[in-house]
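Participant:
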Amino acid sequence: MRETEGNPDVVTPDRSHVVAQWTREIIHTSYVAMGRPEIESFLAKCFDDVLAACDGPLESARLVGERLVDVHFTEPTVVHRTLNHLAAVLPHHRDVDQTALVDVLGAVGSGFAGALREQTLAEQEIIKQSVLDARDAAEEAHRASEARSSAVFTSSALGIAIVTLDGVIEEINSSMTRIFRAGRNVLTGRTIFDLADATWVGELASANADLVRGEVDRYQLEIRFTEQHGSHVWTQLSASLVRDADGAPDYLVMLYEDITDRHMLQEQFRRQAVHDPLTGLPNRTQLQTSMERALEPTHPGRRIGLCFFDLDGFKAVNDSLGHPVGDQLLRAVAQRLQALTAEFGALAARMGGDEFVVLVPDTDGAAGLVAKVEKMLAEVTRPARIGAHELSASASVGVVERPVAGADAEALLRDADITLYRAKQDGRAQWVLFDTALNAEARDRFKLSAALPAALDHGELFVEYEPVRLLEDGSLFAASAGVRWDHPEFGELGEESFLGLAEETGLITRLGSWALGEVCRHAAHWTERFGERGPLAVVNLSHRHCRDPELVNDLQRVLRDTGLPPEALALGMPEPALFDHQGDPVDTVEIFAEMGVKLLVRQFGDDCTRVARLRGLPLFGVRVDGPHLAGFADPDGPDPLDEHLLGSAVGAAALMRLPVLAGGVDDALQAERLRALGVRSAIGAFAGERVSALELEQLLADAG
1 MRETEGNPDV VTPDRSHVVA QWTREIIHTS YVAMGRPEIE SFLAKCFDDV
51 LAACDGPLES ARLVGERLVD VHFTEPTVVH RTLNHLAAVL PHHRDVDQTA
101 LVDVLGAVGS GFAGALREQT LAEQEIIKQS VLDARDAAEE AHRASEARSS
151 AVFTSSALGI AIVTLDGVIE EINSSMTRIF RAGRNVLTGR TIFDLADATW
201 VGELASANAD LVRGEVDRYQ LEIRFTEQHG SHVWTQLSAS LVRDADGAPD
251 YLVMLYEDIT DRHMLQEQFR RQAVHDPLTG LPNRTQLQTS MERALEPTHP
301 GRRIGLCFFD LDGFKAVNDS LGHPVGDQLL RAVAQRLQAL TAEFGALAAR
351 MGGDEFVVLV PDTDGAAGLV AKVEKMLAEV TRPARIGAHE LSASASVGVV
401 ERPVAGADAE ALLRDADITL YRAKQDGRAQ WVLFDTALNA EARDRFKLSA
451 ALPAALDHGE LFVEYEPVRL LEDGSLFAAS AGVRWDHPEF GELGEESFLG
501 LAEETGLITR LGSWALGEVC RHAAHWTERF GERGPLAVVN LSHRHCRDPE
551 LVNDLQRVLR DTGLPPEALA LGMPEPALFD HQGDPVDTVE IFAEMGVKLL
601 VRQFGDDCTR VARLRGLPLF GVRVDGPHLA GFADPDGPDP LDEHLLGSAV
651 GAAALMRLPV LAGGVDDALQ AERLRALGVR SAIGAFAGER VSALELEQLL
701 ADAG
């Protein structure tokens, strides 16, 4: 036994253990002239060949099935136990997905079935030839042949029936009674058509008629028979015609092989290939097949609906109560969806994680589909008792309903997924109906999100600067960096178009580190050229970037590589990012102060209840923004409430001796009013338009 790589708690059986267990599985089900060491050696070679089939062609797996028959491992339970055993151990020895595993096991079963079928035909020929020999040979030969026929007839594991030309069973062996779970007196006198369900009778009658007419020498069929208690018996029927001394058809020999276990196992594997193992719902594969059927234009005006469900806050359930509880909740939701969708002929499938899709063929319009969605949402959100917990799961739903004509499965899933994204953005626990314009906008966002990493690699992003001027004398005091994107399709984009996406996807840390490097490189050049006249470089960090554990190391490396003095750099940080979950200042605040880097608090005054906790922090200044600043540009003066709110923020900053930078300052009147209120510096149209690093350098040169 060995530990599974990456997970020491999972033990993988080694090859010798697998073979020994396989030997135990089947050694008592078949009787062969081999000792246990020989059997283990034989099965070890078989196991190696099955492993080889996982990595390449399936032929070696098929040969394994044939060799099991060659050594007389032919009892009905052998293939069942073999396939079950291999299904359990192969994933520990080869990285195979469910489909590949089914293919390999199917090849083993196919080889076994094919070899057993050939053996069956050989036995059938022996019986047939024995009958012929019994009629044509002398009495002595007749007795010998009869003895041989009797031995095969009575000892064969196959069910054997002697049948009249019109299908009446005249004689059977004991295996027939075992296979069909009925006594000899019950089976004798019935027809072979009585041992087949109605669906198979037509095919059986046609094949049998061809045999009796001499058009074929034999036939084989797989047939299902349902006994009186409802259990299914699957058999593979091989039939041959026996002629009399004159060559005329005399009677039929029927051989029945019980393949119930093998058939059920194949059905199990087929089901596993198209069903989710946790919930039992159809998986993506089955959903795709069902969507293709639902998209067939079988009648004019046919419509289709797709509902994409995502459980809200499911991660919190897993994190707080554990994955077993989360799995039970998923099963409860799946059962409810399955029960409801069955009522209106829909299909519920699990996409993975906490996502489900409901396919509704033949909808009667968006209104009818929405009514069904609301009913499903009500059922999903009904509290579920999971062990000692009563849990309520809310869900967001993206709903798409459209005509079948012109629709395709990929577009349906994509639009439903994007609409779900809108539902979660709009507040969760609700449904949102597909909207062409809004979804086009969302698709553009997804395209930007997907293209952003490559844009960073290919140099499509660049930094520009907004001048920051002192209101007292209008001098250029600092430069606030902003990232722009020269997008090949959408043109030049401001950071408001993609920084939010970078924050959502986690790329913001890499993007922020890149921006820090660019800004520090530019600022180092300004400092080298202009000395103390060089502007302070301001880089605004996102909340997520502020939390990056590598931020301090990255900044130290950038300052070291560029040679920029730390005091020439200011970091704009959101006020909430300065504190941890307990409300204590984060360590980076003190570290940056000790390095000499200046800290500028953004979003200052947005929550007046939190302003006081900034007292005592080593800050350089604060920045105020917001719609209440726009009123200061009004010729009639600002709204009294806006003036009060801004005055309170500026006053609080003054009490903490923190200079105030105002954003969005557009003209001189607005700037003067803000200066009178106590604002020290401004950024916006009044201070100057956005410029490149070279253009900013030229502004400094012209001012000198």
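Quick note: the sequence shown, position 263, residue 263 per full-length UniProt numbering, numbers continuous.
Just so it is clear, CB atoms sit at the ideal spot from N, CA and C, and this is done for glycine as well.
How about H92: is its Cβ closer than 7 angstroms to a heavy atom in the ligand ADP?
Facilitator: Absence of the ligand ADP from the depicted structure is noted, as is the absence of any ligand whatsoever, leaving it without description.
Participant: I believe A577 touches R547 by the beta-carbon criterion, under 8 angstroms. Please report the beta-carbon distance rounded to the nearest angstrom.
Facilitator: Yes, they are in contact, since the Cβ atoms of A577 and R547 sit about 7 angstroms apart, within 8 angstroms.
Participant: Give me, in chain order, the residues of the same chain whose beta-carbon lies closer than 6 angstroms to that of P659; leave out the 5 immediate sequence neighbours on both sides.
Facilitator: The answer, listed in chain order, is G621, R680.
Participant: Leaving out five residues on either side along the sequence, give the residues of the same chain with a beta carbon under 8 angstroms from the beta carbon of A342.
Facilitator: Cβ within range, chain order: n/a, list empty.
Participant: Do the stretch 372-385 and the stretch 331-347 make contact, defined as three or more Cβ pairs closer than 8 angstroms?
Facilitator: Yes, the stretch 372-385 touches the stretch 331-347.
Participant: May I ask which residues mark the beginning and end of the beta strand (DSSP E) holding N540?
Facilitator: Residues 536-540.
Participant: What's the C-alpha gap between A144 and S174?
Facilitator: Only weak support exists for where A144 lies, its pLDDT of 49 falling under 50; the coordinates are left without a value.
Participant: The beta strand (DSSP E) spanning A395 covers which residue range?
Facilitator: Here the beta strand (DSSP E) through A395 covers 394-403.
Participant: Excluding the five sequence neighbours on either side, which residues of its own chain have a C-beta within less than 8 angstroms of the C-beta of residue 788, listed in chain order?
Facilitator: Here the chain covers residues 1 to 704 and nothing more, so residue 788 does not appear.
Participant: Cβ of A273 within 8 angstroms of Cβ of Q98?
Facilitator: Their beta carbons are under 8 angstroms apart, which means A273 touches Q98 by this criterion.
Participant: Any chance you could list the beta strand (DSSP E) runs of at least 3 consecutive residues sitting entirely within the UniProt domain "GGDEF" (302-436), in chain order?
Facilitator: Counting whole runs of 3 or more residues, the UniProt domain "GGDEF" (302-436) contains the beta strand (DSSP E) stretches 303-312, 347-352, 355-361, 384-386, 389-391, 394-403, 431-433.
Participant: Suppose contacts are defined by Cβ-Cβ distances below 8 angstroms. Is L221 in contact with E203 by that definition?
Facilitator: Going by C-beta atoms, L221 is nearer than 8 angstroms to E203.
Participant: Since A239 sits in a beta bridge, which residues does DSSP pair it with?
Facilitator: Answer by DSSP bridge pairing, in chain order: Y219, M254.
Participant: Where does E460 fall in DSSP's three states?
Facilitator: Correct three-state label for E460: coil.
Participant: Curious, which full-length alpha helix (DSSP H) runs of at least 4 residues does the stretch 491-564 contain?
Facilitator: Runs found: 499-505, 508-530, 543-546, 551-562.
Participant: Pair every Cβ in the stretch 330-340 with every Cβ in the stretch 257-266, then say whether three or more of these pairs are closer than 8 angstroms.
Facilitator: No: fewer than three Cβ pairs fall under 8 angstroms.
Participant: Do F592 and L571 have their CB atoms nearer than 8 angstroms?
Facilitator: Going by C-beta atoms, F592 is nearer than 8 angstroms to L571.
Participant: So, does the stretch 48-55 touch the stretch 99-113, judging by three or more C-beta pairs under 8 angstroms?
Facilitator: Cβ pair count under 8 angstroms is three or more, so yes.
Participant: Which residues in the same chain have their Cβ closer than 6 angstroms to the Cβ of A115, if we skip the five residues on either side of it in sequence?
Facilitator: For A115, where only same-chain residues beyond five positions count, the Cβ hits under 6 angstroms are E66, V69.
Participant: Does DSSP put R213 in a helix, a strand or coil?
Facilitator: Note: R213 maps to coil in three-state DSSP.
Participant: Between which two residues does the alpha helix (DSSP H) holding F574 run?
Facilitator: The question names Phe, but residue 574 in the sequence shown is Pro. Element bounds for P574: not the alpha helix (DSSP H) but the beta strand (DSSP E), 569-574.
Participant: Do the CB positions of A334 and G280 come within less than 8 angstroms of each other?
Facilitator: Result yes, Cβ atoms of A334 and G280 sit closer than 8 angstroms.
Participant: For the alpha helix (DSSP H) that I179 lies in, which residues bound it at each end?
Facilitator: Where I179 is concerned, the enclosing alpha helix (DSSP H) stretches over 174-180.
Participant: Please identify the residue among H581, R533, V432, C520 whose C-alpha is closest to the C-alpha of D561.
Facilitator: If we check each option's Cα against that of D561, C520 comes out closest.
Participant: Output needed for A685: all residues of its chain with C-beta closer than 8 angstroms, excluding positions within five of it in sequence on either side, in chain order.
Facilitator: Closer than 8 angstroms at the Cβ level, and outside the excluded window around A685, lie V665, D666, D667.
Participant: For the beta strand (DSSP E) containing V624, list its first residue and its last residue.
Facilitator: Unbroken beta strand (DSSP E) run through V624: 621-624.
Participant: Determine which residues share a DSSP beta bridge with Q485 and list them.
Facilitator: The amino acid occupying residue 485 in the given sequence is Trp; Gln does not appear at that position. Per DSSP, L461, L493.
Participant: Keeping to the same chain, check which residues put their C-beta closer than 7 angstroms to that of F632; ignore five residues upstream and five downstream.
Facilitator: Contacts found: P638, Q670, R673, L674.
Participant: Please look up how many angstroms separate the CB atoms of A423 and V397, rounded, as I've assumed it's under 8 angstroms.
Facilitator: 6 angstroms between Cβ atoms; contact.
Participant: Would you kindly work out how many angstroms separate the C-alpha atoms of V463 and A481, rounded to a whole number?
Facilitator: Distance between the alpha carbons of V463 and A481 is about 6 angstroms.
Participant: Can you tell me whether P640 is buried or exposed? The criterion is at least 16 other CB atoms within 10 Å of its CB, across all chains shown.
Facilitator: Exposed.
Participant: Just to check my reading of the structure: F530 and E575 have Cβ atoms closer than 8 angstroms, yes? What is that Cβ distance to the nearest angstrom?
Facilitator: Not confirmed; about 32 angstroms, so no contact.
Participant: Kindly indicate the opening and closing residues of the alpha helix (DSSP H) around G651.
Facilitator: G651 -> alpha helix (DSSP H) spans 640-655.
Participant: Using 8 angstroms as the Cβ pair cut-off and three pairs as the minimum, do the stretch 240-256 and the stretch 309-329 touch?
Facilitator: Segments in contact, no.
Participant: Would you call the stretch 349-356 and the stretch 304-313 touching, i.e. three or more CB-CB distances under 8 angstroms?
Facilitator: Judged by Cβ distances under 8 angstroms, the stretch 349-356 makes contact with the stretch 304-313, as three or more pairs qualify.
Participant: Compute the Euclidean distance between the alpha carbons of V360 and R402, then round it to the nearest angstrom.
Facilitator: Computed Cα separation, rounded: 11 angstroms.
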